[in-house]
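Colleague: Using my numbering, you'd call the opening residue of the sequence shown number 10 and step up by one each time.
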Amino acid sequence: MTVDIRIIRAGQMYRYYLRQTVVGDGRRPARTPLREAQEQAGVPAGRWMGRGLAVLGLTPGEEVTEAQLRNLFGERGRHPYADRIEVDRLARGESPKKAFKAGALGRRVTVTGVDFVFRPQPTIYLLWALGDEETRHAIEAAHERAIERVLAWIEDEVAVIRYGKDGIHRDRPPGGLVAARFRHYEARSGRPLLHDHLLLSVKGQRLDGKWGSIHTTALHENTVAASALYNEIVAAEVCEALGLATEPRTVTPRRRPVMEIAGVPHELTRWTARRSDQIAACLEGLEHEYVTAVDDDGEPKFLPVVSERARAKLNQIAARKTRPPKQKTQPLAQLRAWWKTSAILTSGVAVDIINSLLEHARAAAAAIRARVSSVVDIALAAVDVTATVFVMNDGGRFHRRHLLAEARRHLALVLRGRRRDPGLDDQIVAAAIATHCLDISEPKTSRGLEPGYRLYTARWALSDLPARRRPPTPAPDPDRHPPADPDAPAAPRHPDQKAGEWEIPRLPLNHDRAVLAGAVVQEELRTTTATAVRDRAYDVVAHQQAAMPEQLFAPPAADPEHDDQEPEPGRREAIDLTALRALRESRTDVEALDLTAERLRHLQDAFAKTADASRVRADRYAEQDDADEVHPVRQGDQQAHRPQEPGPHRGREVGH
10 MTVDIRIIRA
20 GQMYRYYLRQ
30 TVVGDGRRPA
40 RTPLREAQEQ
50 AGVPAGRWMG
60 RGLAVLGLTP
70 GEEVTEAQLR
80 NLFGERGRHP
90 YADRIEVDRL
100 ARGESPKKAF
110 KAGALGRRVT
120 VTGVDFVFRP
130 QPTIYLLWAL
140 GDEETRHAIE
150 AAHERAIERV
160 LAWIEDEVAV
170 IRYGKDGIHR
180 DRPPGGLVAA
190 RFRHYEARSG
200 RPLLHDHLLL
210 SVKGQRLDGK
220 WGSIHTTALH
230 ENTVAASALY
240 NEIVAAEVCE
250 ALGLATEPRT
260 VTPRRRPVME
270 IAGVPHELTR
280 WTARRSDQIA
290 ACLEGLEHEY
300 VTAVDDDGEP
310 KFLPVVSERA
320 RAKLNQIAAR
330 KTRPPKQKTQ
340 PLAQLRAWWK
350 TSAILTSGVA
360 VDIINSLLEH
370 ARAAAAAIRA
380 RVSSVVDIAL
390 AAVDVTATVF
400 VMNDGGRFHR
410 RHLLAEARRH
420 LALVLRGRRR
430 DPGLDDQIVA
440 AAIATHCLDI
450 SEPKTSRGLE
460 PGYRLYTARW
470 ALSDLPARRR
480 PPTPAPDPDR
490 HPPADPDAPA
500 APRHPDQKAG
510 EWEIPRLPLN
520 HDRAVLAGAV
530 VQEELRTTTA
540 TAVRDRAYDV
550 VAHQQAAMPE
560 QLFAPPAADP
570 EHDDQEPEPG
580 RREAIDLTAL
590 RALRESRTDV
600 EALDLTAERL
610 RHLQDAFAKT
620 ADASRVRADR
630 YAEQDDADEV
640 HPVRQGDQQA
650 HRPQEPGPHR
660 GREVGH
């Protein structure tokens, strides 16, 4: 994601934000005024944003002062001008207690705000760092407009104030929210990284005029949708302003592609990824420790295989362990000169390409716009979005916010940097819910009745899918390989190999199984139910979606004349790729699908191999049942890594 969220607490505001964040993540000298420290660091002053500024006597774009930050975020939610208000009340003869209360915004709180960090895709801030001044200003303006749009969406659709017993009353803040934005230019590694910290206050006015606190759980739950909206808007704004286009690129193998500016060399993106290489190296060691860890009784502390959820947690730990200390900030002009010199010397990209990066990107955009249309078919987009969300969420259950985030990703892929009509993402979500989703909500509270917390699953029948058994978990043997498949027996380790020198067993990613099924489901529904759009000119853009893997294993039709013959030994069941090939031959953006002939052969072999392994495991464990004695896994550790289901009180997006 390109939007991160972090809680701001009153004490943390002094320890971290007022010392470092407000001055470009550098170290603020003691007793140095805020504006002077920002000038020394070469970063601009913070600016106020949000529709709630008028109530507090502030204006959009006004400079943020240290006293205002201290009152609103550091003093447990006081008015930005609380000092002035208190002095005026004391001058009128009011008691100190009443004067102090007059400067408060409702009840005092410990969590005073949230920190949203907005950063564009690497190809965008590479153009910003290596381009001319006109390009830099255009990208910064697009970046600011995207943040404004996301904040407006949060004010209108996400932010709620809970009050009453058990938070039974929930109001949208009619006056809007208040936020302070601070811009930074570089990452901890010294590489370019345009990003803004948006410090969003939790204080907002209710419909009755009283001040309440924004429900931060709702902000966490919608962070993925906010990130997708920001990515879509900033790419469209940059492409429209500079004449560019986007293309899907696979950054992490076997994961969903991301939309980047076409024409920017991959080597330049790798040049900015010094931290990624450090994290990857540390992650490998953490994964080995995870699968081989045992407790005092010699039993496995965790699962003997790295799940996707565990991999994400370990990645966060690796990022913290490899986090370098902050460097002294420098003026932007000096940084831009250093970045260009470093890119020329160390990136491996030709000098003429770096000096004319914008022209190369415009040439690539012209080729894409001439070949790829930007027609959004809502009916097919609804299928694409539902299929993806259904698989990527554990248990196949999801909320509206999951569909909304995926709809925005779909639009970014289809439009390739073009602006879209307002509300198109909501139209896709509405079509998906009405046509392909089944409401399975069983609310126990009034909150479960709200549209944003309704629980859905796909309407497609899954009764014909074979039930997959979870095999017993054996204790790890230090002298044997951890199995590449949790169901497969461990292979002996070579005597010359040390711990950690073999492949870490990892569960397959959901998205690795998702390359074919979205296109197959689309084609099936198009030929059976979507007769209204069958003859319409459209692009089928299925960016490696998935349904359950068993749906891809179509057995060959039985021959009645040779029905009594034994199957050939070693013969694999083929995947039915008829619908997929039909899509490739029709008006399909092959580049977006990334389905070359070699890729198709690789996928067919991979899925056929998985089918064989599934049948072998099913036969083996159908006979075993509970006959074998195994070492149990501790209940607490097993539960910590069991896939969790999305529910109305989950604080994070599940499966995205």
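The beta-carbon is built from N, C-alpha and C at its ideal position, and this holds for glycine as well.
#1: Do we get a CB-CB distance below 7 Å when we pair Pro-431 with the residues of chain B?
#2: Please state whether DSSP places Leu-424 in a helix, a strand or coil.
#3: Is Leu-277 near Ser-356, with beta carbons less than 7 Å apart?
#4: Let's test the definition: count the other Cβ atoms within 10 Å of the Cβ of Ala-388 and tell me whether it reaches 16, buried, or not, exposed.
#5: DSSP three-state label for Pro-105, please.
#6: Are the segment 412-420 and the segment 434-444 touching, with three or more C-beta to C-beta distances below 8 Å?
#7: First and last residue of the alpha helix (DSSP H) that includes His-297?
#8: Would Ala-636 be called buried (16 or more neighbouring beta carbons within 10 Å of its own) or exposed?
#9: Report the three-state DSSP secondary structure of Glu-269 (helix, strand or coil).
#10: Have a look at Ile-270 and Arg-418 and give me their C-alpha separation to the nearest angstrom.
#11: How is the alpha helix (DSSP H) around Lys-349 delimited, first residue to last?
#12: Can you tell me which of Thr-232, Gly-33, Ala-346, Gly-173 puts its alpha carbon nearest to the alpha carbon of Glu-142?
#13: For Glu-95, is the classification buried or exposed, using 16 other Cβ atoms within 10 angstroms of its Cβ as the cut-off for buried?
#14: For the alpha helix (DSSP H) holding Tyr-26, just list the boundary residues, first then last.
#15: I need the DSSP call for Leu-208, collapsed to helix, strand or coil.
#16: Spatial neighbours of Leu-464 within its chain, please: C-beta separation below 7 Å, excluding the five flanking residues on both sides.
#17: Let me know the secondary structure DSSP gives His-658 once reduced to three states.
#18: How big is the Cα-Cα spacing for Ala-245 and Gln-77?
#19: Would you identify the three-state DSSP class for Leu-447, choosing helix, strand or coil?
#20: Less than 7 Å between the C-beta atoms of Ile-16 and Val-118, yes or no?
#21: Quick check on the DSSP output: the beta strand (DSSP E) that includes Ile-17 runs from which residue to which?
#22: Which word fits Lys-212, buried or exposed, when buried means at least 16 other C-beta atoms lie within 10 angstroms of its C-beta?
#23: For the segment 162-190, list the beta strand (DSSP E) runs that are entirely contained and at least 3 residues long, ordered along the chain.
#24: Measuring only the C-alpha atoms, how far is Met-58 from Tyr-299?
#25: Whose C-beta lies closer than 7 Å to the C-beta of Arg-44 among residues of the same chain, with five residues either side of it excluded?
#26: According to DSSP, is Glu-84 helix, strand or coil?
#27: Is the beta carbon of Leu-207 closer than 7 Å to that of Phe-125?
#28: Gly-35 to Gln-343, Cα distance in whole Å?
Modeller: Let me spell this out:
#1: Given the protein chain composition of this structure (a single chain), no chain B is represented.
#2: helix
#3: yes
#4: buried
#5: helix
#6: yes
#7: 283-301
#8: With a pLDDT of only 47 at Ala-636, under the threshold of 50, the placement of this residue in the model should not be trusted; the figure read from the coordinates follows. Exposed: under 16 other Cβ atoms inside 10 Å.
#9: strand
#10: 15 Å
#11: 341-355
#12: Ala-346
#13: buried
#14: No alpha helix (DSSP H) holds Tyr-26; DSSP gives it neither H nor E.
#15: strand
#16: Arg-406, His-408, Ile-449, Ser-450
#17: The predicted model places His-658 with a pLDDT of 37, which falls under 50 and marks its position as unreliable, so this point remains unresolved.
#18: 34 Å
#19: strand
#20: no
#21: 12-18
#22: buried
#23: 170-172, 178-180
#24: 44 Å
#25: Ala-54
#26: coil
#27: yes
#28: 16 Å
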